[in-house]
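Only one structure is covered here, and it is reproduced in the block below.
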Amino acid sequence: MGEHEDLVLLHGFAGTRRTWDGVLSHLDRERYRPLALDLPGHGELGGHTGPIDFDACIASVLERCPDRFALCGYSMGGRIALRLALEQPRRVSRLTLVACSPGVEDERERERRRQADRALADEIEAKPIEWFAERWCGQPMFAEDPSEIDALARADYLRNDPRRLAAVLRGLGTGEMEPLWGRLGQLALPVVVLAGDRDAKFQAIAQRMADLLPDARTEAVPGGHRLPLESPARVTSAISTFKAKGGL
Numbered sequence: 387m388g389e390h391e392d393l394v395l396l397h398g399f400a401g402t403r404r405t406w407d408g409v410l411s412h413l414d415r416e417r418y419r420p421l422a423l424d425l426p427g428h429g430e431l432g433g434h435t436g437p438i439d440f441d442a443c444i445a446s447v448l449e450r451c452p453d454r455f456a457l458c459g460y461s462m463g464g465r466i467a468l469r470l471a472l473e474q475p476r477r478v479s480r481l482t483l484v485a486c487s488p489g490v491e492d493e494r495e496r497e498r499r500r501q502a503d504r505a506l507a508d509e510i511e512a513k514p515i516e517w518f519a520e521r522w523c524g525q526p527m528f529a530e531d532p533s534e535i536d537a538l539a540r541a542d543y544l545r546n547d548p549r550r551l552a553a554v555l556r557g558l559g560t561g562e563m564e565p566l567w568g569r570l571g572q573l574a575l576p577v578v579v580l581a582g583d584r585d586a587k588f589q590a591i592a593q594r595m596a597d598l599l600p601d602a603r604t605e606a607v608p609g610g611h612r613l614p615l616e617s618p619a620r621v622t623s624a625i626s627t628f629k630a631k632g633g634l
């Protein structure tokens, strides 16, 4: 039997490490040693009182990880994973990005997104977590999700504190992130970029990312944006089957 590969999994905004329960159930434990982490401000790290920004979040991940590992990130967790891999390339052996973006390039659009996230953070802070779960699940991007997927997502959102989620939006929101498009060519490690077949926006982003990355391929996965919940077996398969650029 060969050595186990360490695999670190990062959830999206308002999720927790439980986002990966379905993926973990399909993962070959004779091949992988998985570590699904709560990000600062979420789940068991909901009581985190230090700064919540990209540098602090990456430091929090790295201090809990082995020296070298495969990395998988979903949505916000994918943005964190991408920046971590760029800043610490010796720590990351390969990368799976699920329904995520390297950031908003247009400065004016980024500022609009920043202001919208901050306004939402102010609103979240004053409401119970049940209100947030209803508000977040009501977004158009989730409208076609099966009811059981909505229920799984809602259960994960309810594991969080709305005040900490507000802090996360202010520090890790898409508008707060310096876009990484121009740095993708520096990422000399294998990358798989996944997007749901109902998630047209992120399909286009995934293809553009793969075109800019030196060793990457894309895969369309049945589902919408919440792929770890909706298609865990296919996400697991993509993590487990790495081929060179151009291989399908």
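Its first residue numbered 387, the sequence shown is counted upward by one per residue in this note's numbering. Every residue gets a Cβ at the ideal spot worked out from N, C-alpha and C, and that includes glycine. Nothing here was measured: the structure is a model prediction, and the numbers come from that model.
- It is roughly 10 Å from the alpha-carbon of Glu-449 to the alpha-carbon of Cys-443.
- Secondary structure note for Thr-604: its beta strand (DSSP E) is the uninterrupted segment 602 to 607.
- Scanning its chain for C-beta atoms nearer than 7 Å, with the 5 sequence neighbours on each side dropped, one finds around Leu-413 the residues Pro-420, Thr-622, in chain order.
- Here the stretch 421 to 434 does not lie against the stretch 489 to 496, with fewer than 3 beta-carbon pairs under 8 Å apart.
- Secondary structure of Thr-627 (DSSP, three-state): coil.
- The criterion of a C-beta distance shorter than 8 Å is satisfied by Asp-503 and Gly-559.
- Restricting attention to alpha helix (DSSP H) runs no shorter than 4 residues, the stretch 509 to 591 encloses them at 515 to 523, 533 to 543, 548 to 558, ordered along the chain.
- Taking His-390 as reference, the option from Ser-411, Glu-416, Arg-500, Gly-561 with the minimal CA-CA separation is Glu-416.
- Ala-596 sits away from Ala-590, with the two beta carbons spaced by 8 Å or more.
- The alpha-carbon separation between Gly-561 and Leu-393 amounts to approximately 28 Å.
- Judged by their CB atoms, Gly-408 and Pro-565 are not nearer to each other than the 8 Å cut-off.
- The shortest CA-to-CA distance from Ile-625 to any of Trp-406, Ile-466, Pro-488 is the one to Trp-406.
- Segment contact: the stretch 543 to 556 against the stretch 518 to 526, three or more CB-CB distances shorter than 8 Å; contact assigned.
- For Cys-458, the enclosing beta strand (DSSP E) begins and ends at 455 to 460.
- Here Val-621 carries a helix assignment [DSSP, helix/strand/coil].
- Ala-581 is positioned such that its CB atom lies closer than 8 Å to that of Ala-485.
- Beta-bridge pairing by DSSP links Pro-420 to Leu-393.
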